[in-house]
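Quick note: the first sequence uses my numbering, first residue 8, plus one each step. Think of the CB as a built atom: it goes at the ideal place given N, C-alpha and C, for glycine as much as any other residue.
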Amino acid sequence: MIDLKYLQNSFDEASQKLKRRGVDDETLETLKGLFEEMKRKNADFEAVRAEQNRLSKLFGEYKRQNRDLTELKERVDSLKKEAAQLHKEAKDTQETLNTLALSIPNFPDERVPYGMDEEDNVEIKRILEPGKFDFPPKEHWELAQENGWIDFERGVKLAKSRFAVLRGEAAMLQRALINYFLDKNMQKGFVEYALPFMSNSDMLKGTGQLPKFEDDLFKVCEEDLYLIPTAEVPLTNLFHDEILDMDELPLLMTAYSPCFRREAGSAGRDTRGIIRQHQFAKVEMVAITHPERSDEVFDMMVQNASEILEELGLPHRLVELCSADLGFSAARTIDLEVWLPGQKRYREISSVSNTRDFQARRAKIRFKDGKKNRLVHTLNGSALAVGRTIVAIMENYQREDGSIEIPEVLEKYM
RNA sequence: GGAGAGAUGGCAGAGUGGUCGAAUGCGGCGGCUUCGAAAGCCGUUGUCUGGGCUUCCUGGACCGGGGGUUCGAAUCCCCCUCUCUCCGCCA
Numbered sequence: 008m009i010d011l012k013y014l015q016n017s018f019d020e021a022s023q024k025l026k027r028r029g030v031d032d033e034t035l036e037t038l039k040g041l042f043e044e045m046k047r048k049n050a051d052f053e054a055v056r057a058e059q060n061r062l063s064k065l066f067g068e069y070k071r072q073n074r075d076l077t078e079l080k081e082r083v084d085s086l087k088k089e090a091a092q093l094h095k096e097a098k099d100t101q102e103t104l105n106t107l108a109l110s111i112p113n114f115p116d117e118r119v120p121y122g123m124d125e126e127d128n129v130e131i132k133r134i135l136e137p138g139k140f141d142f143p144p145k146e147h148w149e150l151a152q153e154n155g156w157i158d159f160e161r162g163v164k165l166a167k168s169r170f171a172v173l174r175g176e177a178a179m180l181q182r183a184l185i186n187y188f189l190d191k192n193m194q195k196g197f198v199e200y201a202l203p204f205m206s207n208s209d210m211l212k213g214t215g216q217l218p219k220f221e222d223d224l225f226k227v228c229e230e231d232l233y234l235i236p237t238a239e240v241p242l243t244n245l246f247h248d249e250i251l252d253m254d255e256l257p258l259l260m261t262a263y264s265p266c267f268r269r270e271a272g273s274a275g276r277d278t279r280g281i282i283r284q285h286q287f288a289k290v291e292m293v294a295i296t297h298p299e300r301s302d303e304v305f306d307m308m309v310q311n312a313s314e315i316l317e318e319l320g321l322p323h324r325l326v327e328l329c330s331a332d333l334g335f336s337a338a339r340t341i342d343l344e345v346w347l348p349g350q351k352r353y354r355e356i357s358s359v360s361n362t363r364d365f366q367a368r369r370a371k372i373r374f375k376d377g378k379k380n381r382l383v384h385t386l387n388g389s390a391l392a393v394g395r396t397i398v399a400i401m402e403n404y405q406r407e408d409g410s411i412e413i414p415e416v417l418e419k420y421m
């Protein structure tokens with residue numbers, strides 16, 4: 008959630024920033040108006056309630072002194088009525104305000120380039136040259152077929168479309184990658200967690216998936232539980248509604264999890280292969296930092312993901328997302344895109360975001376700075392998406408006969 | 001799934017209608033003591049939010065969540081959620 012005080016005090020600046028993300032001035036005017044109205048109504052209510060409290064205290068005294076209570080009761084009764092009315096109004100306004108505020112995306116960082124769509128993302132650098140092939144490289148689904156690695160039909164039979172089954176070496180490769188990624192992250196100081204793969208709605212509100220993006224989630228019937236779309240949700244919310252000690256920051260956490268996404272708006276996209284599945288494996292990094300240190304941790308996380316790709320021998324590039332392509336909670340995001348020789352293009356394999364205090368405010372994650380409680384910064388990033396890494400290895404390590412080499416760093420994991 | 005017990009501050013745990021934002025203990029923080037430490041002693045110590053003459057003063061809200069009774073609710077009533085114990089079932 009954005010800082011409403013900041014919106015109130017620096018409206019022009021704030022609306023300028025959000026306009027770049029497609030939030031119109033009218034919405035922001037409404038939001039600001041509601042905020043001010045809420046404050047006013049609260050003040051009105053509190054004044055009446057203060058008087059009511061004062062008289063109620065008197066009541067006890069009068070009674071002990073055996074004084075006549077009729078007049079006092081009348082006065083406090085009418086105050087009570089008035090307070091109830093004002094309280095209801097204040098609460099209604101608060102709720103309207105809340106609903107609207109929860110739907111506003113984060114302010115983009117000053118560094119974020121302005122853009123209309125993903126075409127306006129800015130490439131920062133390329134790491135490793137794409138390899139040369141003496142034969143036309145195949146796409147991963149062909150290779151999957153030839154090697155018996157992925158069973159698409161039976162995945163669909165077991166669940167529905169966009170589910171697949173990994174078999175034999177492919178399944179082993181997935182297991183190897185998970186272990187390799189976790190080891191790498193731990194070397195960088197991340198602590199490994201094993202987490203619930205379901206979260207309740209409060210947690211999903213904390214990280215920003217709810218209430219706006221419910222359609223993207225799988226919900227468990229009859230329970231207030233959702234399958235997690237990323238381990239970012241449970242990792243970040245580990246410290247939901249907690250006040251941390253400043254000297255335990257930064258908290259660096261990593262976890263493997265399956266990720267479940269309905270891909271509601273993606274009908275028809277990437278229908279072949281396992282680029283876009285309802286369930287995929289991912290190893291996630293999450294950091295909870297002091298607000299002044301989130302930038303350096305961000306760089307470290309991008310560096311870490313890039314290093315892993317480099318060790319795997321996978322050519323990739325870093326892309327700074329433009330304002331239009333930023334995720335809802337992110338102030339800044341760098342995507343890592345891996346080269347797929349079969350598709351002859353770069354595809355997202357990791358995404359590192361700094362949400363600054365946006366999630367922290369929603370999830371109430373704070374730290375003690377002297378006497379004051381301040382909001383932390385939260386960051387998340389994949390290191391890496393396992394399914395897409397398998398795709399990348401298949402396409403980059405394919406031989407002319409269709410067989411697939413295993414990257415050297417993974418040998419001890421297989 | 002059946003039966004019962006419970007949910008209070010960082011933790012433990014009192015509080016059954018007003019003077020309770022809440023005893024006490026532990027922990028934390030500050031000080032005294034000490035060469036230093038431990039022990040001991042003294043003091044301090046919840047969160048959110050509004051206002052003000054903004055190292056301080058002051059209003060409101062919060063005792064799992066929601067509603068109700070009452071001039072007044074942590075305390076009484078109703079609903080929900082969660083936790084624990086026992087039994088059953090089960091990886």
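Three-state secondary structure (DSSP) of residue i
| i | result |
| --- | --- |
| V345 | strand |
| N387 | strand |
| E125 | helix |
| T296 | strand |
| T340 | strand |
| D158 | strand |
| Q181 | helix |
| A399 | helix |
| F287 | strand |
| A50 | helix |
| L217 | coil |
| L333 | coil |
| F66 | helix |
| N73 | coil |
| M205 | strand |
| L173 | strand |
| K139 | coil |
| V227 | strand |
| F114 | coil |
| K39 | helix |
| A21 | helix |
| M421 | coil |
| R27 | coil |
| M8 | coil |
Boundaries of the beta strand (DSSP E) in which residue i is found, first to last residue
| i | result |
| --- | --- |
| R368 | Here R368 belongs to no beta strand (DSSP E); instead the alpha helix (DSSP H) covers F365 to A370. |
| V326 | H323 to E327 |
| Y13 | Here Y13 belongs to no beta strand (DSSP E); instead the alpha helix (DSSP H) covers L11 to N16. |
| Y404 | First-last for Y404: undefined, no H or E at that position. |
| L232 | L232 to L234 |
Cβ shell of residue i (< 6 Å), same chain only, five flanking positions each side left out
| i | result |
| --- | --- |
| E327 | V129, I131 and I341 |
| V383 | I295, A367, I372 and F374 |
| L135 | P322 |
In DSSP terms, what residue i is bridged to
| i | result |
| --- | --- |
| R426 | Because the chain is modelled from 8 through 421, residue 426 falls outside the range shown and cannot be assessed. |
| V198 | M260 |
| D252 | K375 |
| K132 | L325 |
| R381 | F374 |
| A392 | K289 |
| V119 | Answer is none; V119 lacks a bridge partner. |
| C266 | F287 |
| V359 | I341 and G388 |
| I411 | Q405 |
Nonlocal neighbours in the same chain, by C-beta distance under 7 Å from residue i, ignoring five residues either side
| i | result |
| --- | --- |
| Y420 | A183, N186 and Y187 |
| E249 | I372 |
| L65 | L79 |
| Q101 | M45 |
| L343 | A312, S313, L316, H323, L325, I356 and S357 |
| E412 | Y404 and R406 |
Environment of residue i [buried if 16+ CB atoms lie within 10 Å]
| i | result |
| --- | --- |
| S273 | exposed |
| D332 | buried |
| P348 | buried |
| N113 | buried |
| P414 | buried |
| M210 | buried |
| C329 | buried |
| F365 | buried |
| L165 | exposed |
Own chain partners of residue i with C-beta closer than 8 Å, once the 5 adjacent residues on each side are dropped
| i | result |
| --- | --- |
| K167 | H285 |
| N380 | I250, R373 and F374 |
| R118 | E327 and R339 |
| L256 | I295, T296, H297, R300, F374 and V383 |
Start and end residues, alpha helix (DSSP H) containing residue i
| i | result |
| --- | --- |
| L86 | T77 to A108 |
| V304 | S301 to E318 |
| V240 | E239 to N244 |
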